[in-house]
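So that you can map any letter, position 396 of the sequence shown is 396 in the UniProt record's numbering, and since no number is skipped, the others follow by simple counting. Just so you know, even glycine gets a beta-carbon here, dropped at the ideal spot from N, CA and C. Here the structure comes first, spelled out in structure tokens, and everything after it is commentary.
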Amino acid sequence: MMYLTILMAERVGLIIILAFLLVSVPLFRRLLFNQTISAKIQLTILFSIFAIMANMTGIEIGANNQLHNKIILTAISTNDSIVNARILAVSVAGIIGGPWVGSLVGLVAGVHRIIQGAPLQGWFYVPSSVLIGALSGFLYHDRKSYFKVMTPWHGFIVGILMESIQMLFILLFSPTGWVLVKYIALPMILVNSLGTSIFLSIISMYLHQEEELRAMQTHSALQLTNETLPYFRQGLNKRSAQQVVKIIKKYTNFDAVSITDRQRILAHIGAGDDHHIPGNRLETSLSSNVIKTGQIKIANNSKMIGCIDPNCPLEAAIVAPLRIGNEVIGTLKMYYTDQWHLTPVEIQLAIGLCEIFANQIALGEAEVQAQLVRDAKIKALQAQVNPHFFFNAINTISAILRRDQEKARELLLQLSNYFRANLIGARETEITLGQERTQVDAYLELEQTRFPQKYNITFDQQVENDVYLPPFTIQVLVENALKHAFGARKDHNNVQITIKQLGARLAIQVADNGEGIAPELLPKLGKEPLTSSKGSGNALYNLNQRLIGLYDERSTLQITSSNKGTKIKISLPYHTKEGADNESLNR
């Protein structure tokens with residue numbers, strides 16, 4: 001019995017070696033995830049071949065349990081029996097492919113065993129093999145995209161059960177039932193169960209390694225995508241390309257990486273950087289061909305690359321087009337210094353990177369266009385503010401001119417200063433608080449000159465003048481208070497302007513002790529253009545729209561009012577020149 005066990009281990013070992021070679025084939029691993037009829041047929045064929053090989057590499061047992069150790073058993077005497085690993089192949093077929101695959105493989109295995117030379121009572125090999133295939137197939141888990149093979153321990157238990165069923169059929173239907181089972185049961189059950197366990201372990205090991213590799217590749221791709229996004233959002237240019245090639249080189253095994261536009265090299269890192277110099281015109285015919293055709297090109301030798309330098313170390317290349325829509329705007333080139341490094345994996349990586357980068361560039365272009373539209377809208381809203389103040393100022397100066405020409409001259413100089421600052425504000429979406437104060441002070445001097453002692457204006461500024469805010473922010477609020485808060489009241493008209501920092505926000509408040517805003521208008525003020533008996537609400541609406549366009553809903557006007565006065569609050573992101581530069585870079 002020990003000798004039989006050793007011989008069985010040799011046969012099962014051969015099956016295990018073949019299994020090891022099988023799972024190393026990508027086609028077989030893909031079949032594990034495929035639920036189509038075609039995939040089931042292919043699995044049936046593969047495991048049927050395994051089952052037939054198990055029959056043909058079995059150990060022939062003659063009379064008196066005499067062993068005949070032949071290499072290949074094509075045919076045996078009808079009075080002899082075979083100890084083989086057929087049930088191992090049938091069981092694994094069911095576990096992996098399901099009951100239909102297991103049953104069909106069992107049918108093929110049983111029929112082949114009869115053809116080899118079974119006694120008349122050997123008909124039971126067919127139903128027993130089919131039954132074993134079907135039963136093991138019920139342990140198959142229906143799956144769509146994720147395959148999890150049975151654990152080796154469970155496989156060992158299943159192997160014992162399936163071999164026990166086979167022994168039961170032999171015991172019931174074989175003419176030498178008990179004598180044969182007593183001799184072969186333990187070696188077959190033990191060795192084939194171990195073989196089933198090892199077979200499943202090999203599949204599980206390969207799938208686990210593949211999962212880890214995919215996880216690593218996905219992680220690297222996500223890291224690469226995240227790191228390149230801020231640069232390609234700036235568009236395809238020399239600065240962004242130089243950063244991107246460094247990132248690609250960091251996360252891949254390419255010997256050199258290059259990015260070009262349609263005419264010139266934008267960036268190159270790695271081998272060949274002594275003559276593939278950024279700024280030079282395209283030096284390889286391969287790149288020009290990709291730009292013309294818009295198709296990815298593969299070069300397996302230096303001649304196909306077509307570099308003009310005869311000493312160029314680059315021997316293999318993948319050149320893929322970078323697109324925005326249907327237009328090729330440049331190329332992504334990845335090189336190796338050894339031809340054998342170039343595999344389908346690298347080609348698929350290049351295709352995937354180009355798709356990602358094209359989307360990133362398109363996203364950057366869309367953001368630029370959206371920013372241009374947003375800036376144009378903001379500029380238009382700012383332009384609506386300027387005439388309103390201009391006409392008020394001219395009316396004030398005209399009134400002063402009749403009685404005090406020197407004062408009128410000073411006011412004209414103030415108006416000149418105001419519009420000089422206003423021109424800056426018309427070009428910029430943000431100005432410094434110092435510039436805004438210049439505008440507000442000019443406006444207040446004009447108004448207070450026209451209405452002496454009517455208004456009492458106080459400033460509580462708790463921040464430096466270099467903090468940034470949108471043009472006309474404070475001026476609109478102050479003008480709104482002076483024009484609409486006090487009605488016909490001629491004195492004791494107080495306006496308090498408070499500017500301070502609250503955490504990461506710039507808090508601005510303009511409060512007055514006026515008559516308040518009509519309750520029916522208050523919910524609409526700043527949210528839509530309004531016209532009331534006390535004046536137009538367009539100025540506050542325009543200001544509110546500018547703030548939302550520049551920042552977000554947190555920067556909208558917060559208005560509270562009663563018959564004791566009105567408070568308008570604004571909360572803006574707090575940043576100085578350095579912060580503004582950083583924000584501009586990240587846009």
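Open item on the list: Rounded to whole angstroms, what is the Cα-Cα separation between ARG554 and GLU436?
Closed with: 21 Å
TODO: For GLY325, count neighbouring C-beta atoms within 10 Å of its own C-beta (all shown protein chains included) and say buried if the count is 16 or more, exposed if not.
DONE: exposed
Task: Nearest candidate by alpha-carbon position, reference ILE497, set GLN462, GLU528, GLY503 and PRO519 - done: GLN462
Task: CA nearest to the CA of GLY98, picked from ILE329, ALA317 and SER136 - done: SER136
TODO: Please confirm if the segment 188-195 is in contact with the segment 156-170, defined as three or more CB-CB distances below 8 Å between the two stretches.
DONE: yes
Task: Alpha-carbon spacing of LEU574 relative to PHE486, whole angstroms - done: The displayed chain sequence assigns Tyr, not Leu, to residue 574. Rounded to whole angstroms, TYR574 to PHE486 spans 32 Å at the Cα level.
- [ ] Indicate whether the contact test is met: 3 or more Cβ pairs, each with one atom in the segment 331-350 and one in the segment 190-202, closer than 8 Å.
- [x] no
- [ ] Please report how far the alpha carbon of GLN35 lies from the alpha carbon of GLY159, in whole angstroms.
- [x] 25 Å
Task: ASN192 to ALA85 span [Cα, whole Å] - done: 6 Å
- [ ] Just the C-alpha distance for MET167 and LEU342, rounded to the nearest angstrom, thanks.
- [x] 53 Å
Task: Where TYR125 sits in the DSSP three-state scheme - done: helix
TODO: Specify the secondary structure class of SER562 as computed by DSSP and reduced to three states.
DONE: strand
TODO: Going by CA-CA distance only, name the one from SER91, LEU88, GLY62 and ILE87 that's closest to residue 615.
DONE: Because the chain is modelled from 1 through 587, residue 615 falls outside the range shown and cannot be assessed.
TODO: State yes or no: is the C-beta of GLY94 within less than 7 Å of the C-beta of GLY133?
DONE: yes
Open item on the list: One question on the structure: do LEU172 and VAL181 come within less than 7 Å of each other, judged by their Cβ atoms?
Closed with: no
Open item on the list: Taking the beta strand (DSSP E) that TYR455 belongs to, which residues open and close that run?
Closed with: 455-461
TODO: Would you kindly check if the distance between the Cβ of GLY106 and the Cβ of LEU129 is under 7 Å?
DONE: Correcting the residue type first, residue 129 is Ser in the shown sequence and not Leu. Contact flag set, yes.
- [ ] In the DSSP assignment, find the unbroken beta strand (DSSP E) run with THR331 in it and report its ends.
- [x] 327-336
TODO: With DSSP collapsed to three states, give me the class of LYS144.
DONE: At LYS144 the pLDDT is 43, less than 50, meaning the model places this residue with poor confidence and gives no usable figure here.
TODO: Taking 8 Å as the threshold, find out whether the segment 539-547 comes into contact with the segment 459-476 through three or more Cβ pairs.
DONE: yes
TODO: Could you check if ILE60 is buried or exposed, using at least 16 other CB atoms within 10 Å of its CB as the buried criterion?
DONE: Reading off the sequence shown, one finds Glu at residue 60, where the question assumed Ile. So GLU60 ends up on the buried side.
- [ ] Could you please give the first and the last residue of the uninterrupted beta strand (DSSP E) stretch that includes LYS500?
- [x] 493-502
Open item on the list: With three or more C-beta pairs closer than 8 Å as the rule, is the segment 239-251 touching the segment 309-316?
Closed with: no
Open item on the list: Taking the alpha-carbon of LEU224 as reference, which of VAL478, ARG505 and LYS250 has the nearest alpha-carbon?
Closed with: LYS250
TODO: Look at THR260 and LEU229 and say whether their C-beta atoms are less than 7 Å apart.
DONE: no
Open item on the list: Can you check which of these residues, GLY117, ARG113 and PHE138, is closest to PRO127 by C-alpha distance?
Closed with: ARG113
- [ ] Would you grab the beta carbon distance between residue 599 and ILE351 for me? Rounded to a whole angstrom, and I think it's under 8 Å.
- [x] This structure does not reach residue 599, given that the chain is present from 1 up to 587, and the question cannot be answered.
- [ ] Figure out for me which residue from ARG420, ASN253, ARG409 and LYS407 has the closest Cα to the Cα of ILE347.
- [x] ASN253
Open item on the list: I need the boundaries of the alpha helix (DSSP H) containing VAL244, first residue and last residue.
Closed with: 238-251
TODO: Would you kindly check if the distance between the Cβ of THR432 and the Cβ of ASP466 is under 7 Å?
DONE: yes
Task: CA nearest to the CA of GLN475, picked from TYR336, LYS454, ILE72 and ASP441 - done: ASP441
TODO: Just confirm the distance between the C-beta atoms of LEU32 and ILE96, as a whole number of angstroms; I'd bet it's less than 8 Å.
DONE: 7 Å
- [ ] For ASN395, count neighbouring C-beta atoms within 10 Å of its own C-beta (all shown protein chains included) and say buried if the count is 16 or more, exposed if not.
- [x] exposed
- [ ] Check whether the Cβ atoms of LYS569 and GLN501 sit closer than 7 Å, and answer yes or no.
- [x] no
Task: Boundaries of the beta strand (DSSP E) in which GLY270 is found, first to last residue - done: 265-270
TODO: Could you check what DSSP says for ASP261 in three-state terms: helix, strand or coil?
DONE: coil
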